[in-house]
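Undergrad: Quick one: the structure is below, and I'll ask about it shortly.
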Amino acid sequence: MSTRASHHQVTTGLNETRWMIIKDRLGRGWYKFRRNPISLVGGVMVLLCVFLAIFAPYVTPYPKHAGAFTDFQNAFQAPSKSHWLGTDALGCDVFTRIIFGSRISLMLTAVVLGISVPVGVFLGLISGYMGGKTETVIMRVTDVFLSLPALVMALAICAAFTPSIDKAMLAVASIWWTWHCRLVNGITRSIKTEEFVQASKVLGASPLRIIFKDILPNCASPVIVKITLDAGFVILVGAGLSFLGLGAQPPAEDLGTMISFGAKYLPERWWMTVFPSLAIFFIILGFNLLGDGLRDVLAVEEGV
Amino acid sequence: MSEPVLKVENLVKYFPVRSGLLHKIVAHVKAVDKVSFDVQKGEIFGLIGESGSGKSTVAKTIVQIYNPTSGMIYFKGQNLSKLTKQTIGRFRREVQMVFQDPKSSLNPRRSVMSILEDPLIIHGIGKSRVERKRIIHTLLGQVEMPSRYMYKYPSALSGGERQRIAIARALAVNPSFLVLDEPTSALDVSVQAKLINLFLRLKKELALSYLFITHNLSLVRTIAARAGVMYLGKIYELGTMEMLFSHPVHPYTKTLIAATPVVSKEEERVKPREMSKEGEIPSPVNPPSGCAFHPRCSIAESRCSQELPSPVKVGPGHLVWCHRAEELAVRAEELVVLE
Amino acid sequence: MEEKAILDIRDLHVWFRVYEGVSRVLDGVSLYVRGGEHVGLVGETGCGKTVAMKTAMGILRSPPALFPQGQVLLAGRDVLKAAPIELLRMKGKTISMIFQDPLSALNPVFTVGQQIFDVIRFGHRWIRDDGALTKTKVRGIAMEALTSVQLPDPRRILSLYPLELSGGMRQRVLIAMALVNRPRFLIADEPGSALDVTIQAQILSLLKSLVKEAGIAVLLITHDLGVVRETVERVYIMYAGRVVEEGQTVEIFDDPKHPYTQGLLSSVPRLTGEALAEGIPGTLSDYTEAPSGCRFHPRCPQAMEKCAQQKPPMVKVSTKQHVACYLYHGGGG
Amino acid sequence: GTDIGVAVAKNIFTMSNTQEFGTIDPARGTDYTESYGMLNVYDPLVFPSPTGKIEPKLAKSWTISADGLSYTFELRQGVKFHDATELTAEDVKFSMERILALKDGYSWLWSGIVKEVTVDGPFKVTFHLSKVYAPFLSTLPWLFIVNKDVILAHKQPGDFGEFGDYGTNWLAVTTNEDAGSGPYTLMAWDRGREIVFERFLDYWGGWPHGDKHIDEAHSIFLQETATVKTMLRRGELTMVEHWRTYPDYQDMAKIPGVEVLTFLSPEEMSFKINTKRPPTDDIHIRRMLAWAFDYETVIQTLEPGSGPARGPIPASIPGHNPRVFQYHMDLDKARQELEQSKYYPDVPTITLVLPTGLENRRKMAVRFKEKLEPLGVKLDIHIEPWGRMTDLATTVETTPNIMVTSVSSNYPDADTYLNCMYHSRGSGTWMSTEWLQDPLVDQLIDQERTTLDPEERAHIMNVAQAVIVERCPDIFVYVMPLRVAIQDYLKGFTYRPVMSFYYYFYDWWFEK
Amino acid sequence: MRFSYFVLRRWLYSILVLFGLSILIFIIARMLPGDPARLALGPFALQEQVEHLRHVMGMDKPLPLQYWTYITGIFHGDFGLSFQTRRNVALDIAHYLPATVELVLMAIVWVLVLGVPLGVLAARYKDSWVDNLVRVMAFIGVAVPPFVVGLFLQLTFSYLLGILPTTGRLSLMTPAPPLRTGLLLLDSLIEGDFSALGDALKHIILPSFAIAMTGIGQIARLTRASMSDVANQDYIEASRGFGIPNRVIAFKYMLKPASIAPLTILGLTFASELSNAFLVETVFAWPGLAKYGIRAILRKDFNAVMGVVLIIGLAFVIVNLIVDILAGYVDPRIRIKHEEGE
Ligand SMILES: Nc1ncnc2c1ncn2[C@@H]1O[C@H](COP(=O)(O)OP(=O)(O)OP(=O)(O)O)[C@@H](O)[C@H]1O
Ligand SMILES: Nc1ncnc2c1ncn2[C@@H]1O[C@H](COP(=O)(O)OP(=O)(O)OP(=O)(O)O)[C@@H](O)[C@H]1O
Ligand SMILES: [Mg+2]
Ligand SMILES: [Mg+2]
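Chains as they are written, first to last, in this note's numbering: chain F, 187 to 490; chain G, 272 to 610; chain L, 15 to 347; chain D, 42 to 553; chain B, 151 to 492.
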């Protein structure tokens, strides 16, 4: 039959256009992204951090120093050729420790957001769409969590358990979902009055279909932007918890823990505090710049 | 007359207004208040009225986005309040709607393909993706759009194109009745003209019936066979185009026609003398008592503000809800005769 | 050209820098408005009406706008070159305007009074008249202005926020603000098109009577042909950043010359109920890659080879009617 | 306002604390700050000497009955409380009864032991014990005598019948009043910032150094060592208390005019091994750990000035057995022990917990882990807030394999360690996380506590220590040094082997 | 009229939220293992002593009853006894709270004095170097952990330059002004004691700035964004068209609507400042509620934890209420929306 062939032709033709359209969309996004040099810088910074964290064992001069290693004779060395950023109280290379420490901080962020974002988004969607009592209950619970600063809440939860980096993550995750819940709830509430949602209803789409196919994609870009900005905040909260002594356990150290230990030796042995602080600053700044840039890139373009 | 496709009887839709400390219902927006009309098979029935008169609410109640506060809607003889889980699917395939705002009627985050595929998936039309693609191809053809638009996103479409996609989406389930809620009001005249022609063509080709909602009198005159004139949730005049435009009876209808800007002398001749005073449209929360139009009506009497007018039949199929309908109808007749 | 023209736009080009490149929105627009004259500017969405008007007011932000060519003379002064302070002096006194959407054109967080008082206070006319401008005097002028647009209870309205007014009332307030400093020229960008027909009719007739009485020149911008026909004496038809036809309202509506004008008019549904024409085929093309020659030629049923090559100049087809179309280049001129 | 002239002439002493004062009610306070707060404001009957000998204070003399069940004290006369009333036997009786009733603070030293207190004369009082309790006299420095009349004058309704609340609410709230007779009075208390003590000029002991004594002592709550160092440099601190790290004291010693004093404390650092939890329930594993520990590095580089440990009791404490076995690092021996273990070769991970904020312990733990790694033994280190550690200690199941703690003496007697750490009745506290619960050890300790003859008692304690070391429930690391940094014009600092008794302002004077 | 209803309703909701919060914290604090009694009694306490203290604290009663006792106590101002100080928590809070309030208020002053003008400046010179500078500064504010800021400030101004004190609220040698509000700045001002005022100011500058950094960044960014947002509104164009001078447009017609968005996040800023206080008070040995709270949390001082959390929650609620009212005052849209019944 010839229809088959012609149909095939039609679709290949279409696929070409499809590719062109995708290219165009990417191009537009890239254009907006590029126009904002600050966000470009942010992207590079984040990529660099992630790269260094992943390949930490290969890019650090003393990978052994990240584990159980002590060399008390060599402790507290000021920055020098052999130890660019000096050594710490155990005699470990601070540069190596920073790279491995940021690895932990990044993991913390990934896990916290990996748990809390889906939960928050799901609850936000459900509450926003269902409305009524469901919404009241979910949003009031959210309010309860939001009425305490994240750090305080995490501190309370963390102190109740054995402190460790995974408990800290759990603690932060257990409150972080509320932000996404609130964000998505707001978006859902406004999106559900849009005519395309009503159109889907008229077409007989089930609530789940509407939630996941119509509403969720519209939450995606604010949520993605929020995630990048969150990443900075989670690192901050995590660093705060670590600073108060509830962070990673020795011999591993995240950046907050490093600062907390290093602060004990200020001001004489400043390098133990200053460099990890700069590292935190670098990461958070990277994420924030990136998030800010993405906000523009992911915004829906208004019509022609 | 044969059995109508759609029959609306005493339809009422109130929206609660909440307020106060406990968020209690303190009042109702009487968006639709006892509206009755019917639509014949193959007919275009128009619903006219100013903003906030309840036109969209009627439409959304018919397509079951809202549940009516009271009143009955029959589709092909079936009472819609009696729809069950099983029958609602069939109803959804029979009755579709096209919305007013081309900006918000398509999901900006989905491609045209995905938007058009949705109804097919929901109703199990087209077994495979390839088949669905073919159907979409046909649908786009029906609304006179090239197939390559399949992969575009709404942001890349003009208002007219978006409305075409919205129409294609409605047509995807192969309905017999379309509710068109001001589908062209946001568009330019030239685009509107093309769309109107498309509607007419589709109606003929697919044997559709329309409920056509608009505030543009010239447009309803051009396209519809019969129409109802709504004001603050109620229909005040209902009749065929001929009757409504050459013998308008209700002062409100006349006001509307008189206020319509026109582009030719012939049309100017059709315009009646204005029948209203300056004034704003009152709130549907507290509509004026009696005939809701009386504060703006230049010939209102004391009873107009007290009693609700009952329908008066002033011609074949021509109903007017006005206390002075009979005397006005006579004068209208005279006017026509005189000219 | 026209000596007494209060607004004279000559061969104006306005471009915007966008992702795709340069969007050449206005491409040689020329139009003028004489003192006391009522002129219409009609065209479909996106044809550049608002851009033209904002340029005339000197409020188009630049960048992103570029003005590669052309002049905008407002009461003899070139708006594009004028110093900001000079422009400021002309606002209110020489020129004023009304926006399409009465809600978004009023500042939502100030009361009507606060806004109108400032307009009066900074309208230089009053200062020159008799020096001191006391609070009570400002108030008096404001009340008077509100009364003149037939707003009931102006005292109360002064203390209300825009949100507390209905659409019609907001539009009246805007008109009052536009006219309070007695400008010689008013630009009205789609006044009332966001309102219901009945209210729109009221607003238009109010505007008409006010400006007639005061002898103010008006440039009415709209996409509604009916409104134009009922309000103005002379009309410009715009398509894709160019004026394609100009003439007396009556003539143009009776005998449109340009194929675009013809198509447009035949697309308007009629109260008399005639069947609609098919509309104009095709769509407005992108300004970044606008068609060569006559910008309408890809959609024109009567397009000729020439049309794609060169921009058709305006030709006179009757004493009061000009059209930019090669169809009329043979004899008509 | 205060007179500036007077303020200048005053000797103002300032010291830092890492920890806030909770209370200085003598029936309630326990930790190191609270203890020296009580000590300076209240007087006990007896006082420890720098060598740990019990010397008279409020009590002039005492006699012990032959059965060892009653202790009679002859009180010093003419001792004035801060409100100028005289201290009598009634006050002593009241003080003991009060602390026993409140069941708070140091009451555990005597609860169940002191049966009755009788007043035998205005200045004569007898404690009747329900059983023989050999270290009784050594515990009495912790019985601070309160002014009965003042307390009762401030009583509020409470659970103690005619005594109301025993004045607890008053003492919890007041910031410039006390009920003591000590050399200093509570002058001001700004919680979270500082507590201030003022010289009590009418102190019964007199002021041997005259005007050189400290007139006002400020104890300031300061956590950051950096701040402490700056203030010390600027002369804003007269003394830095003993909770900082060795490198910090090294830094401080470099400051001109600052002196760092080092003493060997009665506090021993040990890695307490849970003997009931796998894999450390296996004695071979415990011995393996003891062999694998790097004592030398730790003592020499981390805590120079510390004394080598030998068994559970520091050498300075009466009753210490100097002949018990002490491990040193020998990885071959460690490996041999490991191979004998029933868990070999798949030794479960060993968990180690240490408290927050103590740098040396962290370093030791990491060092330990480093040494264990080549043996194939995994060590899991956790740093926990102190509160959590005490929680963990309450049951065998939650107690980690190793807890790094140091135990200080409460009274200058080896019993303080033996009883608290190794007797089954001590189980469930952070001090006995070994969970030794060994019948023989229990028996030896009970015996020692009821033996009045000093020599016999010393022998039993020696045996007990040998048995304990044989069971290997701890890695005994070192006897901790006690360091304080002072401005060199502060004189008279006197070390006493009981917690906080070295912060006795009365000992000191300024030599400017 | 109805706007006040709206505010009242928010208030009632907030009380409900506080109840929820108290239950949550109660559960977290008590259901999890741990024995504050043992902790409070010191290392050597006997089981008997522990039981006794548990009894005194009412911990031997069933949980719901304990909660009931607690919550009813609160209405009499009785927050229960602290394990650590053996005093009523209300007393402790009354002692520690003013220091934190003073710190956070001072931080808000920083935010308003620096954040808003920086934002306006950036919007005014959008895309110029000024704008980029402000943006980078704002990012730094958001990206540096407050305790790091604290440490660095200390390092620079106290250790290196030696011009500001390191810790505390007042120098040791400065006598504290008589206690009135507990806010040293205010108290010394009332007393007319300018040396104390100066000393207190010197002490508060660094910690309050460290706390404020995040807020300054956020507010500056938001002000900038909403200023440029407003700049694109029709009504600003209209104002230009009516001949209102640019300066009036910028400082009147733009600033007011643009201040709404920053205003509404002031509540969040406050929360983040409180949370920063928890870190910064530690660095500066600031004798405030946050420091007390950390100690209470780490030592499981139940009643103290509950007290601190509830007070913080209450502060949060009050601040948000104030923000709501202010926002309603600045933005009639909010008021009118509610007057029309949403
Ligand atoms: N979901 C709703 N909740 C509350 N009130 C509503 C709702 N939908 C509509 N209304 C109110 O009901 C009245 C009628 O609205 P409707 O949208 O039906 O009018 P309309 O005739 O379609 O007007 P327009 O021409 O502006 O579309 C209005 O006053 C509107 O505010
Ligand atoms: N700031 C800008 N940047 C880029 N393009 C612009 C800008 N302003 C206007 N345009 C473009 O200029 C063209 C004309 O816009 P304009 O607003 O003048 O149309 P209009 O005729 O007023 O239409 P409408 O009837 O919809 O108001 C449009 O294509 C628009 O996209
Ligand atoms: Mg509608
Ligand atoms: Mg426009």
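Here a beta-carbon is modelled for each residue, glycine too, at the ideal position from N, C-alpha and C.
All figures in this text were calculated on a predicted structure; none of them were measured in a lab.
Name the chain L residues that come within less than 9 Å of residue 486 of chain G, Cβ to Cβ?
TA: Under the 9 Å cutoff, chain L gives 210 and 211.
Undergrad: Would the beta-carbon of residue 420 of chain L be found less than 8 Å away from any heavy atom of ligand 4?
TA: This structure gives no information on residue 420 of chain L, because the portion of chain L shown stretches from 15 to 347.
Undergrad: So is residue 294 of chain L in contact with chain B if we call contact Cβ pairs under 9 Å?
TA: It does not; no Cβ of chain B falls within 9 Å.
Undergrad: Against chain B, does residue 147 of chain L count as a neighbour if the rule is that its beta carbon must be under 9 Å from one of theirs?
TA: No, its Cβ sits nowhere closer than 9 Å to a Cβ of chain B.
Undergrad: So what's residue 326 of chain B in DSSP terms, helix, strand or just coil?
TA: It is coil, neither helix nor strand.
Undergrad: What residues from the region 236–267 of chain L come within 7 Å of chain G, judged by C-beta to C-beta, listed N to C?
TA: Those would be 237, 238, 239, 240, 241, 243, 244 and 267, in chain order.
Undergrad: So the candidates are D/447, D/376, D/427 and D/286; which of them puts its Cα closest to the Cα of residue 345 of chain D?
TA: For residue 345 of chain D, the nearest C-alpha among the options comes from D/286.
Undergrad: So who's on the other strand from residue 54 of chain L, going by DSSP bridges?
TA: According to DSSP, which records beta bridges pairwise, residue 54 of chain L is partnered with L/234 and L/249.
Undergrad: At 7 Å on the CB atoms, spell out the chain G contacts of residue 286 of chain L, in chain order.
TA: Simply 537, 538 and 541.
Undergrad: With a CB to CB cut of under 7 Å and the five nearest residues on each side skipped, what residues in its chain are close to residue 543 of chain G?
TA: Only 519, 525, 528 and 529 meet the Cβ criterion.
Undergrad: With a threshold of 8 Å (Cβ to nearest heavy atom), would residue 301 of chain L be considered close to ligand 2?
TA: Indeed, a heavy atom of ligand 2 lies less than 8 Å from the Cβ.
Undergrad: Give me the residue from D/503, D/175 and D/196 with the minimum Cα distance to residue 107 of chain D.
TA: Measuring from the Cα of residue 107 of chain D, the nearest candidate turns out to be D/175.
Undergrad: Give the straight-line distance between the Cα atoms of residue 144 of chain D and residue 209 of chain D, rounded to the nearest whole angstrom.
TA: About 12 Å.
Undergrad: How would you list, in chain order, the residues of chain L whose beta-carbon sits under 8 Å from the beta-carbon of residue 551 of chain G?
TA: In chain order: 180, 182, 183 and 213.
Undergrad: Taking the alpha-carbon of residue 336 of chain L as reference, which of L/199, L/257 and L/61 has the nearest alpha-carbon?
TA: Comparing Cα-Cα distances from residue 336 of chain L to each of L/199, L/257 and L/61, the minimum goes to L/257.
Undergrad: Do we get a CB-CB distance below 9 Å when we pair residue 423 of chain D with the residues of chain F?
TA: Judged by the 9 Å Cβ criterion, residue 423 of chain D is in contact with chain F.
Undergrad: With 9 Å set as the bound, which would you pick, yes or no: does the beta-carbon of residue 400 of chain F sit closer than that to a beta-carbon of chain G?
TA: Closer than 9 Å: yes.
Undergrad: Quick check on this structure: which residue in L/176, L/184, L/180 and L/190 has the alpha carbon closest to the alpha carbon of residue 160 of chain L?
TA: Of the listed residues, the one whose Cα sits closest to residue 160 of chain L is L/190.
Undergrad: What number of angstroms, rounded off, separates the C-alpha of residue 252 of chain D from the C-alpha of residue 351 of chain B?
TA: Their backbone Cα atoms lie some 36 Å apart in a straight line.
Undergrad: What does the alpha-carbon distance come out to for the pair residue 567 of chain G and residue 548 of chain G?
TA: About 5 Å.
Undergrad: Given 8 Å as the limit, tell me if residue 69 of chain L has its C-beta closer than that to any heavy atom belonging to ligand 6.
TA: This structure does not include ligand 6; its bound ligands are ligand 1, ligand 2, ligand 3 and ligand 4.
Undergrad: Report yes if the C-beta of residue 301 of chain G is less than 8 Å from at least one heavy atom of ligand 3; otherwise report no.
TA: No.
Undergrad: Spell out whether any CB of chain F is found under 9 Å from the CB atom of residue 297 of chain D.
TA: It does not: the Cβ of residue 297 of chain D has no partner Cβ on chain F nearer than 9 Å.
Undergrad: Alpha carbon to alpha carbon, how far is residue 109 of chain L from residue 140 of chain L? Give it in angstroms, no decimals.
TA: Residue confidence for residue 140 of chain L is low, a pLDDT of 49 falling below 50, so the modelled location carries little weight; the figure read from the coordinates is stated next. If you take the alpha carbons of residue 140 of chain L and residue 109 of chain L, they lie about 15 Å apart.
Undergrad: Using only the alpha-carbon positions, how far apart do residue 450 of chain B and residue 556 of chain G sit?
TA: So the alpha carbons of these two residues sit roughly 57 Å apart.
Undergrad: What span of residues does the alpha helix (DSSP H) with residue 453 of chain B cover, start to end?
TA: Counting along the chain, the alpha helix (DSSP H) containing residue 453 of chain B begins and ends at 452–480.
Undergrad: Does the Cβ of residue 329 of chain G lie closer than 8 Å to at least one heavy atom of ligand 1?
TA: At least one heavy atom of ligand 1 is nearer than 8 Å to the Cβ of residue 329 of chain G, so yes.
Undergrad: Which of the three DSSP states, helix, strand or coil, is assigned to residue 110 of chain L?
TA: Reduced to three states, the DSSP call for residue 110 of chain L is strand.
Undergrad: Using a threshold of 9 Å, state whether the C-beta atoms of residue 167 of chain L and residue 394 of chain B are closer than that.
TA: Contact flag unset, no.
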